[in-house]
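The sequence shown runs contiguously to residue 295 in this note's numbering. The structure appears below as structure tokens.
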Amino acid sequence: MKEDFYGVLPPVVTPFTSDGKNIAEDNLRKVMRHVVSNGCTGVFVGGSQGEFFSMSFDERVRTYEIAADEAGGKYPVIAGTAAITTDETVALSKAAAKAGLSSVSVINPYFITLNEDELFDHYRSLAESVDIPVFLYNNPGRTGSVIPVSVIIRLSTIENIVGMKDSSGDLTYVNSILDNTENFSVFCGRDTCIYNELTSGAVGAVAATANVAPALVSSIYNLVQEGDLEGARKAQAQLAPLRDAFSLGSFPVVVKEALELIGVKAGAARLPIQPMTDSNRAKLKSILETMGLTA
1 MKEDFYGVLP
11 PVVTPFTSDG
21 KNIAEDNLRK
31 VMRHVVSNGC
41 TGVFVGGSQG
51 EFFSMSFDER
61 VRTYEIAADE
71 AGGKYPVIAG
81 TAAITTDETV
91 ALSKAAAKAG
101 LSSVSVINPY
111 FITLNEDELF
121 DHYRSLAESV
131 DIPVFLYNNP
141 GRTGSVIPVS
151 VIIRLSTIEN
161 IVGMKDSSGD
171 LTYVNSILDN
181 TENFSVFCGR
191 DTCIYNELTS
201 GAVGAVAATA
211 NVAPALVSSI
221 YNLVQEGDLE
231 GARKAQAQLA
241 PLRDAFSLGS
251 FPVVVKEALE
261 LIGVKAGAAR
271 LPIQPMTDSN
281 RAKLKSILET
291 MGLTA
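Structure, rendered in structure tokens:
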């Protein structure tokens with residue numbers, strides 16, 4: 001059920017029209033083509049980098065439909081279907097499955113804090129509602145809470161819960177998951193730790209920087225698979241300036257502006273996120289030029 005999920009699957013941006021009111025559907029397709037043609041093994045749509053939090057239910061479903069049509073079954077597409085309530089999460093996940101997507105990934109409910117049984121039941125209910133693979137998504141920086149390892153161990157016994165994306169950057173946590181589960185795939189969601197998690201047993205990365213530098217991020221994965229750990233470590237180091245540049249603007253605008261600077265139409269982020277300042281945009285452009293990424 002999980003054999004197609006490996007390598008680098010960028011959490012692609014969602015381009016909007018110039019007025020910010022609609023999805024720029026052709027540009028979303030172009031972003032997908034950009035990353036896949038440069039070595040990525042699939043894509044992740046509707047994640048936080050894709051600004052799911054700024055989109056209506058219908059808009060989120062439309063991104064699933066566009067992505068499924070663009071991929072055409074040639075590569076996997078994972079849909080972010082997180083919501084605060086279980087009912088909405090289930091509804092979004094069913095919509096992703098109906099659209100023909102490969103899998104769904106769900107962050108633990110944000111704003112509220114669940115106990116372990118509530119969290120287990122949330123994910124169990126989701127898994128029972130669809131017949132496609134489900135990936136858990138641990139991102140304490142955005143939710144304010146961690147999915148406990150004890151809950152992950154319980155959830156890993158459910159047939160279609162096949163793995164997780166972890167954005168904590170906590171290698172002790174990741175190793176504990178890998179050591180205490182069987183046939184359970186972990187994707188690195190912290191761009192600075194791709195090399196470390198791959199060499200610990202992760203199967204790939206869902207890396208925001210791969211929107212902008214898909215070939216470089218893919219090379220980290222490929223070099224690890226080839227056993228060239230020194231080369232993989234160097235590639236990880238080469239990626240660091242781009243990841244560090246995320247501090248130049250409010251999330252998630254930096255990746256969108258970086259794409260524009262390399263000639264890939266991504267548009268602006270939706271309000272209340274503002275464009276980068278001119279001075280910080282110039283710094284970003286300099287970083288991209290040094291990395292050989294500008295158009």
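For each residue, glycine too, the CB sits at the ideal point set by N, CA and C. The structure presented is a predicted model; accordingly, all values stated were derived computationally and were not measured.
- Query: Once you ignore the five residues that flank K94 on each side, which residues in its own chain have a CB closer than 8 Å to its CB?
  - Reply: Position 94 of the sequence shown, counting from 1, holds the residue named residue 94. Same-chain partners within the cutoff: S129 and V130.
- Message: I need the straight-line Cα distance from M291 to T14, nearest angstrom please.
- Response: Translated into the one-based positions of the sequence shown, residue 291 becomes position 291. Translated into the one-based positions of the sequence shown, residue 14 becomes position 14. Each residue's alpha carbon lies about 24 Å from the other.
- Query: If you draw a straight line from the C-alpha of A213 to the C-alpha of L293, how long is it?
  - Reply: Start at 1 with the first residue of the sequence shown, and residue 213 comes out as number 213. Start at 1 with the first residue of the sequence shown, and residue 293 comes out as number 293. Rounded to whole angstroms, the gap between the alpha carbons of A213 and L293 is 7 Å.
- Can you pull the DSSP bridge partners for M164? Stepping through the sequence shown from its first residue, residue 164 is reached at position 164. Beta-bridge pairing links M164 to L136 and V186.
- Have a look at A266 and I287 and give me their C-alpha separation to the nearest angstrom. To locate residue 266, count along the sequence shown from 1; it is residue 266. To locate residue 287, count along the sequence shown from 1; it is residue 287. When rounded, the distance between both Cα atoms is 19 Å.
- For A67, does the count of other Cβ atoms within 10 angstroms reach 16, so buried, or fall short, so exposed? Residue numbering aside, residue 67 sits at position 67 when the sequence shown is read from its first letter. With 16 or more other Cβ atoms within 10 Å, it is buried.
- Nearest-angstrom Cα distance between L126 and V90? Mapped onto the sequence shown, residue 126 falls at position 126. Mapped onto the sequence shown, residue 90 falls at position 90. About 5 Å.
- Query: With DSSP run on the structure shown, which of helix, strand or coil describes G7?
  - Reply: The residue given as residue 7 occupies position 7 in the sequence shown. The answer is strand: DSSP assigns G7 an E or B state.
- Message: Buried or exposed, going by whether 16 or more other CB atoms sit within 10 Å of the CB of K165?
- Response: As a first step, residue 165 is located in the sequence shown; it is residue number 165 there, counting from the start. That one is buried.
- Best match in A205, C193, S48 and N138 for proximity to V149 [C-alpha to C-alpha]: Residue 149 sits at position 149 when you count from the first residue of the sequence shown. For the residues A205, C193, S48 and N138, the minimum Cα distance to V149 belongs to N138.
- Query: Looking at the structure shown, is V253 part of a helix, part of a strand, or coil, going by DSSP?
  - Reply: Reading the sequence shown from its first residue, position 253 is the one you call residue 253. Note: V253 maps to helix in three-state DSSP.
- Consult DSSP for S105 and reduce its assignment to one of helix, strand or coil. Sequence index remark: in the sequence shown, residue 105 carries index 105 (1-based). In this structure, S105 counts as strand in the three-state DSSP scheme.
- Tell me, please, whether the region 99-117 touches the region 49-69 by the rule of three or more beta-carbon pairs shorter than 8 Å. yes
- Check the C-beta distance from V8 over to A207 and give it rounded, since I have them as a contact under 8 Å. Taking the first residue of the sequence shown as 1, we reach residue 8 at position 8. Taking the first residue of the sequence shown as 1, we reach residue 207 at position 207. Rounded, the Cβ-Cβ distance is 6 Å, consistent with contact.
- Task: Give the DSSP-derived three-state secondary structure of M1 in the structure shown.
- Result: For the purposes of this step, residue 1 is taken as residue 1 along the sequence shown, with counting starting at 1. Note that M1 scores 46 on pLDDT, short of 50, meaning its location in the model is unreliable and no value can be drawn from it.
- Take S167 and list the residues in its own chain whose beta-carbon comes closer than 6 Å to its own, dropping the five residues that flank it on each side. Counted from its first residue, the sequence shown places residue 167 at position 167. Hits under 6 Å: N139, G189 and R190.
- Query: Can you tell which of T113, S218 and I152 has its C-alpha closest to the C-alpha of G42?
  - Reply: Reading the sequence shown from its first residue, position 42 is the one you call residue 42. Closest option to G42, Cα to Cα, is S218.
- Could you tell me the distance, in whole angstroms, from the CA atom of F135 to the CA atom of H34? On the sequence shown, residue 135 is found 135 positions in, with the first residue counted as 1. On the sequence shown, residue 34 is found 34 positions in, with the first residue counted as 1. Their Cα atoms are separated by approximately 24 Å.
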